[in-house]
Amino acid sequence: MFNAAFNFVQFWDGHAADLADQEKGPPTNPVEMGSHSWDDIVARFEMDEEFKKEFLKEYPQVTKETLTHAIGEYEKTLITPNSDFDRYLKGDKTALTEQQVCGYELFKQHKCDTCHTGVAMGGQSYEYMGLYGDYFKDRGTPLTDADEGSFAQTKDPFDMHRFKVPTLRNIALTAPYFHDASAKELKDAVSAMLKYQSNVQQPAQKDVEDITSFLESLTGEFKGEKLK
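Set out below in structure tokens:
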């Protein structure tokens, strides 16, 4: 959930409009938190007198809507600033290695920053997967509902295979990559993006390594400590 507050919608297909909306699913998802219903969840909180006393100082009552709103507000605090790249942009030219600077220049040269933009370097738009090649055919596995992208929400054919652009902050720590988890390592994701989104059909190994090194500079801090 780090930096999710900067996303214009939540999830790859955008099926949650904001953080509060996103919070409605996990508590009753059997794979995640496994509660039977929101009525049960609300009842449990109602029984906790100390929690209820504090909660009612901020909200008129304990409901699904107020609980998810409160969690969403908390998640807005999960921001990870002060990455090496942040310090570089603020003027500390020693914050990046020579390889990372080369990777940054390649990142811009291949127009990766067209989509990976904004504070979170992503999360601001839906984009089509496979501008310069049939990603799904080349993947070699059957299509799934998850491959529909935002089409699953809009039912507009234009939105088929369009996904929310992910944030690149902390990207070195969040393997596997893509909506289908098909890229197991960051360098694999970089190679695929160069091929399918930037029309570099045979990316040079050094370019992939340089861009990967640059992306590693995007790991930020939480509560003053570098994420690991």
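Residues in the sequence shown are numbered from 1 upward in steps of one, following full-length UniProt numbering. Even for Gly, the Cβ is constructed at its ideal location relative to N, Cα and C.
Where residue i falls: helix, strand or coil (DSSP)
i	result
Glu58	coil
Lys226	strand
Ala5	helix
Ala16	strand
Glu23	coil
Glu46	helix
Glu221	strand
Cα-Cα separation, residue i to residue j
i	j	result
Tyr104	Tyr177	20 Å
Asn199	Phe158	21 Å
Lys164	Asp207	25 Å
Pro142	Tyr196	19 Å
Ser57	Phe51	According to the sequence shown, residue 57 is Lys rather than Ser. Roughly 10 Å separates the two Cα atoms.
Val175	Ala181	With the sequence shown as reference, residue 175 is identified as Ala, and Val is not the correct amino acid for it. The straight-line gap from Cα to Cα measures roughly 8 Å.
Arg169	Tyr59	33 Å
Cys115	Glu127	8 Å
Leu173	Lys228	7 Å
Leu20	Leu106	In the sequence on display, residue 20 carries Ala and not Leu. Whole-angstrom Cα-Cα distance: 37 Å.
Leu215	Gly25	31 Å
Gln124	Gly118	7 Å
Gln100	Gln153	38 Å
Glu49	Lys64	17 Å
Asp145	Glu46	38 Å
Glu23	Gly122	21 Å
Val62	Leu218	38 Å
Thr94	Leu194	27 Å
Glu98	Gly91	15 Å
Asp86	Ala43	44 Å
Glu75	Gln201	39 Å
Cβ-heavy atom distance, residue i to the ligand NAP, below 7 Å
i	result
Asp188	For the structure depicted, the ligand NAP is absent and the ligand set is empty, with no information on it obtainable.
Expected contact under 8 Å - CB spacing of residue i and residue j to nearest Å
i	j	result
Leu67	Asp84	About 37 Å; that fails the 8 Å criterion.
Pro81	Glu221	6 Å
Phe6	Thr167	7 Å
Ala192	Ala204	Rounded, the Cβ-Cβ distance is 15 Å, inconsistent with contact.
Cys102	Asp210	5 Å
Leu89	Met1	Not a contact, Cβ separation roughly 24 Å.
Requested in this report: Mind the definition here: the region 10-28 touches the region 134-152 only if three or more C-beta pairs lie below 8 Å; say whether that holds.
Outcome: The region 10-28, when compared against the region 134-152, does touch it at the 8 Å Cβ threshold.
Report task. Count the CB pairs spanning the region 28-45 and the region 180-193 that are closer than 8 Å, and state whether there are at least three. Result -> By the C-beta criterion, the region 28-45 is judged not to be in contact with the region 180-193, since fewer than 3 inter-stretch pairs fall below 8 Å.
Query - Those runs of the alpha helix (DSSP H) which lie wholly inside the UniProt domain "Cytochrome c" (98-219) and span at least 4 residues - result: Within the UniProt domain "Cytochrome c" (98-219), the alpha helix (DSSP H) runs of at least 4 residues that lie entirely inside it are, in chain order, 98-109, 135-139, 151-154, 186-198 and 205-216.
Requested in this report: Count the CB pairs spanning the region 64-72 and the region 104-124 that are closer than 8 Å, and state whether there are at least three.
Outcome: Verdict: no, contact absent.
Query raised in the report: So, do the region 129-139 and the region 160-175 have three or more beta carbon pairs nearer to each other than 8 Å?
Result: Touching, yes.
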